[in-house]
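In what follows, a structure is listed as C-alpha cells, so that the remarks can point back to it.
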Amino acid sequence: MDRIRIVGGRPLQGALPISGAKNATLPLMIASLLTDRMLVLDNVPRLADVAQLQRILGNHGVDVTVSGKRSGEREYQGQTLSLSAARIVDTTAPYDLVSKMRASFWVVGPLVARMGEARVSMPGGCAIGTRPVDLLIMALQRLGAAIDIEGGYVVARAPRGLTGGDIVFPKVTVGGTHTAMMAASLARGTTVIDNAAREPEVADVAACLNKMGAHISGAGTARIVIEGVAKLDGARHSVLPDRIETGTYAMAVAMTGGDVLLEGARPELLETALDLIAEAGAGVAVTNEGIRITRNGARLAPVDVTTAPFPGFPTDLQAQLMALMCGARGTSRITETIFENRFMHVQELARLGARIHLDGETATVEGVERLTGAPVMATDLRASVSLVIAALAAEGETLVNRVYHLDRGFERLEHKLAGCGAAIERLSG
Ligand code: UD1
1 MDRIRIVGGR PLQGALPISG AKNATLPLMI ASLLTDRMLV LDNVPRLADV
51 AQLQRILGNH GVDVTVSGKR SGEREYQGQT LSLSAARIVD TTAPYDLVSK
101 MRASFWVVGP LVARMGEARV SMPGGCAIGT RPVDLLIMAL QRLGAAIDIE
151 GGYVVARAPR GLTGGDIVFP KVTVGGTHTA MMAASLARGT TVIDNAAREP
201 EVADVAACLN KMGAHISGAG TARIVIEGVA KLDGARHSVL PDRIETGTYA
251 MAVAMTGGDV LLEGARPELL ETALDLIAEA GAGVAVTNEG IRITRNGARL
301 APVDVTTAPF PGFPTDLQAQ LMALMCGARG TSRITETIFE NRFMHVQELA
351 RLGARIHLDG ETATVEGVER LTGAPVMATD LRASVSLVIA ALAAEGETLV
401 NRVYHLDRGF ERLEHKLAGC GAAIERLSG
C-alpha cells in the first residue's frame with residue numbers, strides 16, 4: 001500500500017493548477033445513461049473514483065473512451081471522456097461495485113427514467129456515518145416509480161415511464177437533488193423540486209442536461225423546475241473547477257505560509273471558505289488567472305465555523321479547516337452539522353501534537369505553537385488531506401498511511417504540492 005512522506009516546515013510558493021470537480025464529474029458521467037447519444041466531458045480529473053465509476057457504467061453497457069494528454073497541452077489539463085450509452089445491457093448495479101463508491105447509487109434515477117426499471121444495491125454504511133438513501137427513494141416515488149427493497153437492493157419500477165411531480169426535500173441533499181433532476185428530465189410533465197441543494201455542482205449538471213435538450217430552470221437556487229422531455233441528445237460539457245480542492249490548497253498555503261496562485265480556481269464557488277481564510281489572517285486575492293493565497297509571518301487568528309449546505313461552509317472542508325486551526329493563536333470551534341462521525345481526523349491530528357476536544361458535533365481546537373511529524377493513518381478522503389496539510393507545517397517527518405483515500409479525490413496531490421516547494425513524496429508498496 002502506498003504511503004506519503006512529508007517533511008514539514010517549508011512555505012509553499014508558485015502556482016498550483018486546480019482540477020475539474022470530482023463531485024460534478026461523477027453525476028455528469030451518470031447523466032450519460034439518460035441518452036443513446038454521445039456525451040463528451042472535458043476537464044475530467046484523473047481520480048480513482050472516476051475510474052471506478054467507469055467500471056460501474058461499463059457494467060450497464062456504457063462505452064467510455066478516454067483521450068489522454070495531447071502534445072502541447074499543460075501537464076494537468078483534465079482528460080476528455082466520451083460516454084456512449086447507445087444500449088443499456090443491464091439495469092442492475094451490483095453490491096460489489098456500489099459498495100465501493102456511494103455516489104454510484106445515483107444511477108438509479110437515469111436507469112428507471114430511461115429503461116423503466118433499475119435494481120441498485122443499497123450503498124450500506126460508510127466511514128462517515130450511515131448516509132441513508134431514503135430521500136432519493138422518496139423523490140423517485142414522487143415521480144411515480146414503485147419502489148421495493150429486495151435482498152439489499154432498491155428496485156425501482158416505472159414500466160410506463162415516470163411522471164412529473166412535486167418533490168419537497170425535508171433536508172438538503174446533493175445526491176437527492178441530482179437523482180430527482182436527472183429522473184425528472186425524462187418524466188412526462190413538470191417537476192418542481194423544493195429545498196433543492198444549491199451546490200455549484202448541481203448547477204453544472206443542470207447546465208449539461210440543458211445542453212442535452214432538458215428543460216431545467218432554477219438550478220443553483222432552492223427551487224428547481226423541470227419540464228420533462230421524451231428524449232435527450234448528446235452534448236459536450238467542460239467540468240467546473242473543484243472548489244474543495246481549491247479550498248484545501250488555500251488552507252495548505254495559509255498553514256505553511258508562502259504565496260501561491262491557485263490557477264483556474266473560481267472564487268464564487270467558495271466564498272464562505274475564502275472569507276474565513278481571510279478572517280484568520282491570510283491574504284486572499286482574486287486575479288484573472290485564479291485565486292492567490294499569501295501568508296507571511298504572524299500566526300493565524302482562530303475562527304468559529306459551522307458546516308452547512310451551500311452557500312454555507314462545506315463539510316468537505318471541515319477537516320482541512322481543523323488542521324489549519326491547530327496552529328492558530330487561540331481557540332476555534334468547529335461544528336459539523338451535515339454528517340455524523342466526521343471527526344475521525346481528530347485522533348490522527350492529535351498524533352501530530354494538536355489539542356482538540358470533542359463534544360458531540362463540536363470540536364474545540366486549541367492552537368499550538370508547533371506540530372511535530374508522526375506516522376498517521378488516512379481514514380476518509382477529506383480527513384486524509386487534513387493530515388497532509390498539518391504535516392506540511394509540522395516539524396520533521398510525517399508518514400501518511402493508506403493514501404488510497406487521497407487518490408479517490410485529489411489528482412496528483414504530491415506532484416502539485418512538490419511543484420510549490422513542499423518536501424513530499426510517494427513511497428510505493
Ligand atoms: C455529496 C458529496 C459529498 C458532500 C455531501 C454534502 C458528491 C459525490 N458527494 O454527498 O462530498 O460531503 O454532498 O455536501 O457530490 N441524507 C438523508 N437521506 C438521504 C440522503 C441524504 O438523510 O436519502 C442526509 C445525509 O445523511 C446527510 C445530508 O442528508 O446528513 C446531506 O447528504 P447529501 O447532500 O445527500 O450527501 P451526498 O449527496 O451523499
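Here the numbering used here is used: position 11 in the sequence shown is 11, and no number is missing along the way. Beta carbons are placed, not taken as given, at the ideal position from N, Cα and C, and that holds for glycine. No experiment lies behind these values; they were computed from the predicted model shown.
Query: For TYR153, the residue or residues it bridges with in DSSP; Result: SER121 and GLU150
Query: Alpha carbon of HIS237 to alpha carbon of SER332, nearest angstrom; Result: 41 Å
Query: VAL44 beta carbon less than 8 Å from that of THR92; Result: no
Query: Sub-8 Å separation of ARG5 and LEU399 beta-carbons; Result: yes
Query: Same chain, Cβ closer than 7 Å to CYS126, neighbours up to 5 away in sequence not counted; Result: Reliability fails at CYS126, whose pLDDT of 49 lies under 50, so the model's placement of it is uncertain and the value that follows must be treated cautiously. Answer for CYS126: ARG102, listed in chain order.
Query: Own chain partners of GLN52 with C-beta closer than 7 Å, once the 5 adjacent residues on each side are dropped; Result: LYS100 and MET101
Query: Helix, strand or coil at GLU268 according to DSSP, with G and I counted as helix; Result: helix
Query: Buried or exposed (CB count within 10 angstroms, at least 16 for buried), HIS415; Result: exposed
Query: Cβ neighbours of SER428 in the same chain (closer than 7 Å, five flanking residues each side left out); Result: ASP2
Query: beta-carbon LYS171 near the ligand UD1 non-hydrogen atom, thresh 7 Å; Result: yes
Query: Extent of the continuous alpha helix (DSSP H) run through ASP49; Result: 48-60
Query: N- and C-terminal bounds of the beta strand (DSSP E) containing GLY14; Result: 12-17
Query: PRO314: CB within 7 Å of a non-hydrogen atom of the ligand UD1; Result: yes
Query: Heavy atom of the ligand UD1 within 7 Å of ARG142 beta-carbon; Result: no
Query: CA-to-CA distance, GLY264 to VAL286, given in whole angstroms; Result: 11 Å
Query: C-alpha distance - VAL107 paired with ARG10, whole-angstrom precision; Result: 44 Å
Query: Contacting residues, own chain, Cβ-Cβ under 7 Å from THR337 (five flanking each side not counted); Result: THR306, THR307, ALA308 and GLU361
Query: Three-way DSSP call (helix, strand, coil) for ARG426 in this model; Result: strand
Query: Per-residue burial, ASP275 [other beta carbons within 10 Å of its own, 16 or more giving buried]; Result: exposed
Query: Bounding residues of the beta strand (DSSP E) (the contiguous stretch that carries ASN210); Result: That residue, ASN210, is in no beta strand (DSSP E); its alpha helix (DSSP H) goes 200-211.
Query: Distance between GLU340 and ILE128 (C-alpha atoms, nearest Å); Result: Its pLDDT being 44, under 50, ILE128 is placed unreliably by the model, and nothing is read from it.
Query: Proximity below 8 Å, CB of ALA197 to CB of VAL172; Result: yes
Query: Proximity of ALA354 and LEU317 at Cβ, strictly below 8 Å; Result: no
Query: Counted within 10 angstroms of its Cβ, other Cβ atoms place ILE277 as buried (16 or more) or exposed; Result: buried
Query: Near the ligand UD1: ILE338 beta-carbon under 7 Å from a heavy atom; Result: yes
Query: Straight-line Cα distance separating GLY281 from ALA145; Result: 51 Å
Query: Extent of the continuous beta strand (DSSP E) run through ALA363; Result: 362-366
Query: Inter-residue spacing [alpha-carbon to alpha-carbon] between VAL66 and LEU16; Result: 24 Å
Query: Length of the line joining the Cα atoms of LEU39 and ALA158; Result: 25 Å
Query: Contact with chain D by LEU209, beta-carbon distance below 8 Å; Result: In the structure shown, chain D does not exist; there is a single protein chain.
Query: When GLY258, GLU199, ASP166 and MET325 are compared against GLU268, the one with the closest alpha-carbon; Result: GLU199
Query: Candidates GLU271, VAL155, ALA156 and VAL192: closest to VAL168 by CA position; Result: VAL192
Query: Opening and closing residue of the beta strand (DSSP E) in which ASP88 lies; Result: Here the sequence assigns Ile to residue 88, which means Asp is not the residue at that position. ILE88 -> no beta strand (DSSP E), and no H or E assigned at all.
Query: Sub-8 Å separation of GLY290 and LEU261 beta-carbons; Result: yes
Query: Chain-order list of residues whose beta-carbon lies under 7 Å from that of VAL346 (same chain, five-residue window excluded); Result: ILE356, LEU358 and ALA363
Query: Between the CA atoms of GLN320 and LYS22 - distance to the nearest angstrom; Result: 17 Å
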